[in-house]
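S.K.: My structure is below; once you've seen it, I'll send some questions.
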Amino acid sequence: MSIDIILFLGLAVVAILSAAGMLFSRNAIYSALFLIINFSAIAVYYLILGAPFIALTQITVYAGAIMVLFIFVIMLLGAEQTGRTPASWWMRPLGMGLGALLILESLYLIFTHLHSFPQPIEIIDGFGNPGQVGEILFDKYVLPFEIISLLLLVAMIGAIVLTKKKMKR
Amino acid sequence: MKWDDLFAILPLVVISTWAVVLVLVDIVIPRDRKGITAALAALGLIFALYFTLPQYNRHLVAFNGMVIVDGFSAFLNTLFLASGLLAIALAYGFLKRNNIDRSEYYTLMLFSISGMMLMGIAADLIIIFLALELLSIPLYVLAGFARPRLDSEEAALKYFILGAFSGGFVVYGVALVYGATGSTAIVEIIQAVVAGKAAMVLLTIGAALIMVGFGFKVAAVPFHMWTPDVYQGSPSPVTSFMAVGAKAAGFAALLRIFVSAFPYLSVSLVPILWLISALTMILGNIVAIAQNNIKRMLAYSSIAHAGYILMAVVTFGKGSAAIDAVSAALFYLLAYALTNFGAWSVVIALEKSEGRGLLLQDYAGLGKKYPAWAAAMTVFMLSFTGVPPTLGFLGKFYLFRSVLEGGFIGLAIIAVLTSLVSAYYYLRVVVIMYMQDGEPVVEGDIWLKVAAGATAVLVVVLSLFATPLLQWAAQATLQSGL
C-alpha cells in the first residue's frame, strides 16, 4: 500500500467521523467545532490532489472566517442547546429510510459504473498554484472579479441600510 | 483587459461608477434635500441611456467572451434604464409621504440596474450568476426599505431566503454544465455539444437546475409562492421596479441561455417548460380573481404574465420560430413594463400610510372624483387584459402568433382562455371605479402624475406605431445572432 492510500484512508476516517459528530452532537458549538475539523480534513485532501491554493483558501475562508461567524451567531442567539424538536413520530424513520436508500443506490451506481467514470487527467505542472490563480483572475476573469467587488460593496451598503437606527426627523 | 472591452460595456461602466460616486456625493447633500440625489440618479440613467442607444447595430464580444453586446442586450438595457427612470418618478413622493425618504433607495436601485444590464450582456454562466446576485441583493434590501414596518421586513426576509435558495440552484446548475462541457462560456458550450464531447445527461440536469433557479426569479409556478407576500409587503415603488426589472432580467438570461446554448436539449426540456408555462398562466389568472387587495392582485397578475412570456422560452428548440418568439417576448416585456409602471403609479397615488387604501373598494368613485386617474387606470387594465388599442393587446398578439408558429397550439389555446379569465379581475377594477360610489383621496405629486400620464399615453400611442417597434425588436434579435 502506497503512502497516498494510507493518507487518504486516514483522512477519510477523520472527515466522516467529524461530519457525523457535527450531525449528532446536541450542542451547536460542538457541531461548529466538528465542522472545522471536517473542513480541515477536506483541505488536506486538496493538498494531496495538488491544489495548495484551494487548500489554504479552504482553511482561511471556510475553517477560519466563516466558522468564526457561525460561532458568533450561535453565541449571540444563545442557541447552543437545541431542544428536542417536537417532530412527528414518522419523520425519523422516514428520514432514515430515505437516507439509507440514497446511500445504497449511490453505492450501487458507483460500483457498477466504476469503469465508465472519466479517468483523472494528468495535472499540468504548476496547475492551481497561487501565481497561476492570480494570473487567471486578473486576466481572463477580470470582469467577474470586478463585479464581485461591486457585489461586496452593495452587500455592505445593504447591511448598513437595514440595521441603521431610524433617523430622527 | 483592453480599452475596447471597457468601451463595449460603457453603459454598464457609467451606471456602476455613477452609483459608487453617488454613495459618496450623497454624504454632502443635506438631509431635507434628498430630491437632489434622486435627480442625480436620474441624470446617471439618462447618461447611460445615451450610451446604450448607439449599441443597437453592434455585435461586440468583450472580456474574453464573457460579455456580448448586441441588439438583444441593447433593447433590454434600454428597458432597464427606462424602468429606473420610472421607478425614481414613482418613488420620490411616496418615500417622502411615508417618512422613508432615505437616499439609499436611489443608489441601491442603480446597483440593481447595473446587475440587470450585466444580465442583458452576459455570455458566460459565471457572469449570469454574478449578475443575478448583483441585481437581487439590492432588491432584498429595498424590499425591507419600509422597516420597521413588519410586512416590509417580512417581505425582505422571505425574498432573501427564497432568492438565496434559488441562487443555489443556479450555481449547482452552472457547475453541472461546466462538468458536462468543460466550459461556462455559452459559445464553448455549444461547441462541446456540437462536437459530441458533452455529457448530455449532466448537461440536461444542469440546464434544468438553471431553469428552476430562474423560475424563482420570474415567479413561475410552482416557484411563485413568495410573490404575493413580497409584492404586498415591499414599498409599492420597489414592487413596481421588482416586477419589471427582475422579471425582465430573468427572462433575458433564460432566453439567452436556452435559445442560444441549449437548443439540443429541447426534446427533454420542452415538455417541462410547457407544463410550467401553462400552470403559471392558469394559476396566476385564477387566483388573482380571489384577491381583494390590489397589490396582491397585481402580484398574481405578474405571475400570469410570467407564464405568457415563458411561452417564448418554450419554443427554444424551434430554430426560426424561436427567433420570432424572442422578438415577440422582447416586445411583450416592453408592453408589460409600461403597463405595469402605469398601474403601480395609480396604486401609489391612492395608497395611504400603514398600507391602507389598497383594497379594491378604495377605488370606488374614482371615475367621478378624479376622471384623469381613472382613465389612466382603465387604459392599464385594458392593456393588461389585452384589449386593443393598447400595447398589451399587440404584445399578446405577437407572442401568441409566434407560439402558434412554433407549433404549440395547445399552449396558445390555454393562453387565450386564461386571458379571457383575466378580463374578469382587470375589468372589475374599472367597474368599481366608475359604477360604485366612494370618496377616494389621491395624493399624487407632480412626478407621479407625469409617470402615470406618460405611460398611459405611451401604452395607447405606441400601439398605433407597433409595427416599427416590433421590427426594432426583431432587428435587435437578428443582430444578436442568438
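Protein chains in written order, with the working numbering: chain A, 579 to 747; chain B, 831 to 1312.
From the three backbone atoms N, C-alpha and C, an ideal C-beta is built for every residue, glycine too.
#1: Could one say the Cβ of GLY736 (chain A) lies closer than 8 Å to chain B's Cβ atoms, at least one of them?
#2: What does the alpha-carbon distance come out to for the pair THR1145 (chain B) and VAL1004 (chain B)?
#3: Could you tell me whether the segment 1156-1165 of chain B touches the segment 1237-1247 of chain B, where touching means 3 or more Cβ pairs closer than 8 Å?
#4: Does any CB atom of chain A fall closer than 8 Å to the CB of PRO1270 (chain B)?
#5: Output the distance between the C-alpha atoms of SER1175 (chain B) and PHE990 (chain B), rounded to the nearest integer angstrom.
#6: Report the residue ranges of all alpha helix (DSSP H) runs contained in full by the segment 865-950 of chain B; include only those spanning at least 4 residues, in chain order.
#7: Thinking C-alpha only, which one of A:GLY712, A:ALA737, A:PRO722 is nearest ILE632 (chain A)?
#8: State buried or exposed for MET1127 (chain B), treating a residue as buried only when at least 16 other CB atoms are found within 10 Å of its CB.
#9: Which bits of chain A does GLY974 (chain B) rub up against, with CB to CB less than 7 Å?
#10: Would you identify the three-state DSSP class for ASP954 (chain B), choosing helix, strand or coil?
#11: In chain order, which continuous runs of the alpha helix (DSSP H) of length 4 or greater are located wholly inside the segment 692-740 of chain A?
#12: State the Cα-Cα distance for the pair HIS1135 (chain B) and LEU1224 (chain B), rounded to the nearest angstrom.
#13: When you compare only the Cα positions, how much space is there between SER1066 (chain B) and PHE1214 (chain B)?
#14: Less than 8 Å between the beta carbons of ALA1313 (chain B) and LEU1032 (chain B), yes or no?
#15: Under 8 Å between the Cβ atoms of LEU1188 (chain B) and VAL1143 (chain B)?
#16: What would DSSP say about LEU818 (chain A), mapped onto helix, strand or coil?
#17: Are the segment 1150-1159 of chain B and the segment 1264-1272 of chain B touching, with three or more C-beta to C-beta distances below 8 Å?
#18: Just the C-alpha distance for LEU1221 (chain B) and LEU1294 (chain B), rounded to the nearest angstrom, thanks.
#19: Kindly list, in the order they appear in chain A, the residues whose Cβ is closer than 8 Å to that of ILE967 (chain B).
#20: Using a Cβ cut-off of 8 Å, pull out every chain B residue sitting near ILE726 (chain A), in sequence order please.
#21: Give the interface partners of ILE956 (chain B) over in chain A, defined as CB-CB distance under 7 Å, in chain order.
#22: Would PHE881 (chain B) pass as a contact of PRO841 (chain B) if the rule is Cβ separation under 8 Å?
#23: At what residue ranges does the segment 1033-1069 of chain B contain a whole run of the alpha helix (DSSP H), taking only runs of 4 or more?
#24: Looking at the C-beta of GLU963 (chain B), does it have a partner C-beta in chain A at a distance below 8 Å?
#25: Looking only at its own chain, which residues have a Cβ that is under 6 Å from the Cβ of LEU879 (chain B), when we skip the five neighbours before and after it?
#26: For LEU1140 (chain B), name the three-state secondary structure that DSSP assigns.
#27: Please return the same chain residues whose Cβ sits closer than 6 Å to the Cβ of LYS988 (chain B), not counting the five positions on each side in sequence.
#28: Less than 8 Å between the CB atoms is what I'm expecting for PRO1270 (chain B) and LEU1196 (chain B), so what's the real figure, rounded?
#29: Relative to the alpha-carbon of VAL592 (chain A), which residue among A:TYR719, A:ALA678, A:TYR623 has its alpha-carbon at the smallest distance?
M.R.: This is what the structure holds:
#1: The residue you call residue 736 (chain A) lines up with position 158 of the first sequence. Any Cβ of chain B closer than 8 Å to the Cβ of GLY736 (chain A) would place that residue at the interface, and such an atom is present.
#2: Position 315 of the second sequence, counting from 1, holds the residue named residue 1145 (chain B). Position 174 of the second sequence, counting from 1, holds the residue named residue 1004 (chain B). It is roughly 22 Å from the alpha-carbon of THR1145 (chain B) to the alpha-carbon of VAL1004 (chain B).
#3: Flag = no, the segment 1156-1165 of chain B and the segment 1237-1247 of chain B do not touch.
#4: For the purposes of this step, residue 1270 (chain B) is taken as residue 440 along the second sequence, with counting starting at 1. So, not an interface residue.
#5: Mapped onto the second sequence, residue 1175 (chain B) falls at position 345. Mapped onto the second sequence, residue 990 (chain B) falls at position 160. Separation of SER1175 (chain B) and PHE990 (chain B) (C-alpha to C-alpha, rounded to the nearest whole angstrom) is 25 Å.
#6: Counting only runs of at least 4 residues, the segment 865-950 of chain B fully encloses the following alpha helix (DSSP H) elements, listed from N- to C-terminal order: 865-882, 901-927.
#7: Taking the first sequence and counting its residues from 1, the one referred to as residue 632 (chain A) is at position 54. Selected option, being the one with the closest Cα: A:GLY712.
#8: One-based indexing of the second sequence puts residue 1127 (chain B) at position 297. Buried.
#9: For the purposes of this step, residue 974 (chain B) is taken as the residue at position 144 of the second sequence. Within chain A, the residues near GLY974 (chain B) are LEU740.
#10: Here the question's residue 954 (chain B) lines up with position 124 in the second sequence. In this structure, ASP954 (chain B) counts as strand in the three-state DSSP scheme.
#11: Restricting attention to alpha helix (DSSP H) runs no shorter than 4 residues, the segment 692-740 of chain A encloses them at 708-716, ordered along the chain.
#12: Translated into positions along the second sequence, residue 1135 (chain B) becomes position 305. Translated into positions along the second sequence, residue 1224 (chain B) becomes position 394. Straight-line Cα distance between these residues: approximately 14 Å.
#13: Start at 1 with the first residue of the second sequence, and residue 1066 (chain B) comes out as number 236. Start at 1 with the first residue of the second sequence, and residue 1214 (chain B) comes out as number 384. Roughly 18 Å between the two C-alpha positions.
#14: Beyond the ends of chain B as shown, which are 831 and 1312, falls residue 1313 (chain B); an answer cannot be given.
#15: Counting from one through the second sequence, the residue named residue 1188 (chain B) turns up at place 358. Counting from one through the second sequence, the residue named residue 1143 (chain B) turns up at place 313. Between LEU1188 (chain B) and VAL1143 (chain B), the C-beta spacing is not below 8 Å.
#16: Lying before the first or after the last residue shown, residue 818 (chain A) is absent from chain A, which here runs from 579 to 747.
#17: No, they do not touch.
#18: Here residue 1221 (chain B) refers to the residue found at position 391 of the second sequence. Here residue 1294 (chain B) refers to the residue found at position 464 of the second sequence. For LEU1221 (chain B) and LEU1294 (chain B), the distance between alpha carbons rounds to 8 Å.
#19: Against the second sequence, residue 967 (chain B) aligns to sequence position 137. Residues of chain A passing the Cβ test: LEU729, VAL732, ALA733, GLY736.
#20: The residue labelled residue 726 (chain A) in the question sits at position 148 within the first sequence. Result: LEU960.
#21: In the second sequence, counting from the first residue as 1, residue 956 (chain B) sits at position 126. Per Cβ cutoff of 7 Å: PRO722.
#22: The residue you call residue 881 (chain B) lines up with position 51 of the second sequence. The residue you call residue 841 (chain B) lines up with position 11 of the second sequence. Yes; because the gap between Cβ atoms is below 8 Å, this pair is in contact.
#23: List check, alpha helix (DSSP H) in window: 1057-1063.
#24: As a position in the second sequence, residue 963 (chain B) is number 133, starting the count at 1. Output row for GLU963 (chain B): interface = yes.
#25: As a working mapping, residue 879 (chain B) is identified with position 49 in the second sequence. Correct list, in chain order: LEU911.
#26: Taking the second sequence and counting its residues from 1, the one referred to as residue 1140 (chain B) is at position 310. Helix at LEU1140 (chain B).
#27: Counting from 1 along the second sequence, the entry for residue 988 (chain B) is found at position 158. These residues qualify, in order along the chain: TRP1056, ASP1059, VAL1060.
#28: Your numbering for residue 1270 (chain B) matches position 440 in the second sequence. Your numbering for residue 1196 (chain B) matches position 366 in the second sequence. PRO1270 (chain B) to LEU1196 (chain B), Cβ: 5 Å. Contact.
#29: Taking the first sequence and counting its residues from 1, the one referred to as residue 592 (chain A) is at position 14. Out of A:TYR719, A:ALA678, A:TYR623, A:TYR623 has the C-alpha closest to the C-alpha of VAL592 (chain A).
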